[in-house]
Amino acid sequence: MSDWVDVAPAADFAPGTCRVALVDGVAVAVFKVAADAYYAIEDCCSHQTAALSEGTLDGLEVACPLHGSRFSLVTGEALTLPAYEPVAVFPVRIEGGMVQVRDDRFD
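Note that numbering that gives the first Met the number 0 gives residue 42 to position 43 of the sequence shown, counting from 1, and the numbers run on in steps of one.
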């Protein structure tokens with residue numbers, strides 16, 4: 000089990016933006032989609048190596064900047080081709096005014 004990793008102060012994290020945190024050697028893209036709605040996914044398209052944090056956010060989906068594959072921020076599911084494999088999702092919390100994320104895949 001990994002520890003919680005600080006991403007950014009919640010007050011400095013604007014809706015519609017993304018920040019990247021390194022969690023146990025994995026780049027994690029943390030998106031703020033609304034007032035208190037945060038989602039975190041692995042920052043690597045499952046089709047080809049591309050940073051999803053550099054993609055286009057549309058509601059609860061992000062489009063890969065390389066070939067346009069869309070991924071669900073909620074489930075990590077690949078929603079459009081050419082990607083067909085999901086990306087990992089991670090829990091996000093606010094603790095002491097700080098947005099935090101952790102890798103719980105191996106708990």
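Beta carbons are placed, not taken as given, at the ideal position from N, Cα and C, and that holds for glycine.
Residue i versus residue j: straight-line alpha-carbon distance, rounded
{"i": "D2", "j": "A13", "result": "24 Å"}
{"i": "R18", "j": "V29", "result": "5 Å"}
{"i": "D23", "j": "D103", "result": "11 Å"}
{"i": "A7", "j": "A20", "result": "9 Å"}
{"i": "L59", "j": "D5", "result": "22 Å"}
{"i": "A9", "j": "D106", "result": "26 Å"}
{"i": "P81", "j": "D42", "result": "17 Å"}
{"i": "M97", "j": "V61", "result": "23 Å"}
{"i": "D11", "j": "A49", "result": "26 Å"}
{"i": "Y83", "j": "G67", "result": "12 Å"}
{"i": "A77", "j": "G95", "result": "33 Å"}
{"i": "T79", "j": "A34", "result": "27 Å"}
CB of residue i within 8 Å of CB of residue j, strictly
{"i": "L72", "j": "V100", "result": "no"}
{"i": "S45", "j": "P90", "result": "no"}
{"i": "I40", "j": "F70", "result": "yes"}
{"i": "G15", "j": "L51", "result": "no"}
Residue i in three-state terms, based on DSSP
{"i": "D11", "result": "helix"}
{"i": "S52", "result": "helix"}
{"i": "S68", "result": "coil"}
{"i": "D57", "result": "strand"}
{"i": "A33", "result": "strand"}
Cβ neighbours of residue i in the same chain (closer than 7 Å, five flanking residues each side left out)
{"i": "E53", "result": "P64"}
Residues of its chain near residue i, where Cβ-Cβ distance is below 8 Å and the 5 sequence neighbours each way are ignored
{"i": "T74", "result": "P85, V88"}
Same chain, Cβ closer than 6 Å to residue i, five either side skipped, listed in chain order
{"i": "A26", "result": "V19, D42"}
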